[in-house]
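All remarks here apply to the structure that follows.
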Amino acid sequence: MPVALIIGAGTAVGAASAAKFAAAGYKVAVASRTQRLDASKFPFFEFDAAEPAQVPALFNKVRQEVGVPEVVIYNAYASAGRNIPSVLDIDSPEGFQKRMNVNAISPSVAADEAAKGFLELESQGKLGPGGATYMFTGNFLNEKPVRGFFSLGIGKATAAYMVEYLARYGFNDKPFSFYFVDERESDGRPMYKGVTDNAHADVFLKLAQSPEQAPWQYTFSKDKGYTVFSNDWA
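Taking this note's numbering, the leading residue of the sequence shown gets 22, the next gets one more, and so forth.
Listed below in structure tokens is the structure:
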């Protein structure tokens, strides 16, 4: 049974994705600071994405207790409060560093750990027909800055660079795929009112089951599916 690991598994996108992958025959492990999902269905691993040093230990625990993940979804994020007086929403060096850890450093370390596992699965002939897949829950901020979203935006932009780098130069001779998944409104505008949980889950599963690398920046809407949107929105 293939293993999927969801990092930052809350009650929205994480929960929908866990249920979708479990229904498709995956054993789903979830990691977050607090347990939000049914541990009898989804093995839970306590993890703080603000501490990148915990990432290798997380993957080791999942490997030992559940198996080597064939699919890794990084869904954790951290945003600054709205009342920070700094133009760059930096409350303190420590607070800014923690947000960068969650949004950029931990997902990069997680991608590296995921790739090590992918190589292990391939060497043992244990990869399924869809190969192996790493997916990061992105948004529009890697394309265009928006007032009030400095910490989140610089983290998403850094993660987007990491995903593109891996998709372009990482494992071109391997059935490994890497994605920055970004849901939009049907006209390309950002999802200011919140993303669609089930639509994310559907896209994640579709990408995980495809052995070919699709566009690394996977922008989609729940109505149109994958679409290349203009960034001319206000």
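Think of the CB as a built atom: it goes at the ideal place given N, C-alpha and C, for glycine as much as any other residue. Remember, it's a predicted structure, so these values are computed and weren't measured experimentally.
Taking the alpha carbon of residue i as the point to measure from, which residue in the options has its own alpha carbon closest?
i: A180; options: G102, F161, N193, F197; result: F161
i: E204; options: V184, Y182, Q238; result: Q238
i: V93; options: S100, P106, V76; result: V76
i: Y200; options: F241, R54, V87, V49; result: F241
i: P114; options: S172, D133, E143; result: S172
i: P236; options: K243, L226, Q230, Y247; result: Y247
i: R54; options: Y47, K41, L79; result: L79
i: P73; options: G169, V123, Y182; result: V123
i: A30; options: F157, M121, G146; result: F157
i: L148; options: H221, F197, K177, Y98; result: F197
i: A125; options: L226, A178, V167; result: A178
i: A8; options: M183, S129, F225, Q118; result: Look at the range of the chain in this structure, 22 to 255, and you will see that residue 8 is not part of it.
For residue i and residue j, which I take to be in contact (beta-carbon distance under 8 Å), what is that distance rounded to the nearest angstrom?
i: G35; j: N96; result: 5 Å
i: A101; j: R120; result: 6 Å
So what does DSSP say about residue i, is it helix, strand or coil?
i: G246; result: strand
i: L187; result: helix
i: R205; result: strand
i: L109; result: coil
i: Q118; result: helix
i: K41; result: helix
i: K48; result: strand
i: A229; result: helix
i: A30; result: coil
i: A36; result: helix
i: V224; result: helix
For chain B, is any of its Cβ atoms less than 8 Å away from the one on residue i?
i: K177; result: Of the protein chains in this structure there is only one, and it is not chain B.
| task | Only counting runs of 4 or more residues, tell me where the alpha helix (DSSP H) segments fall wholly within the stretch 122-199, in order along the chain. | result | 127-144, 171-186
| Three CB pairs or more closer than 8 Å across the stretch 128-138 and the stretch 81-91 | yes
| Taking only runs of the alpha helix (DSSP H) that begin and end inside the stretch 53-100, which ones reach a length of at least 4 residues, in chain order? | 75-86
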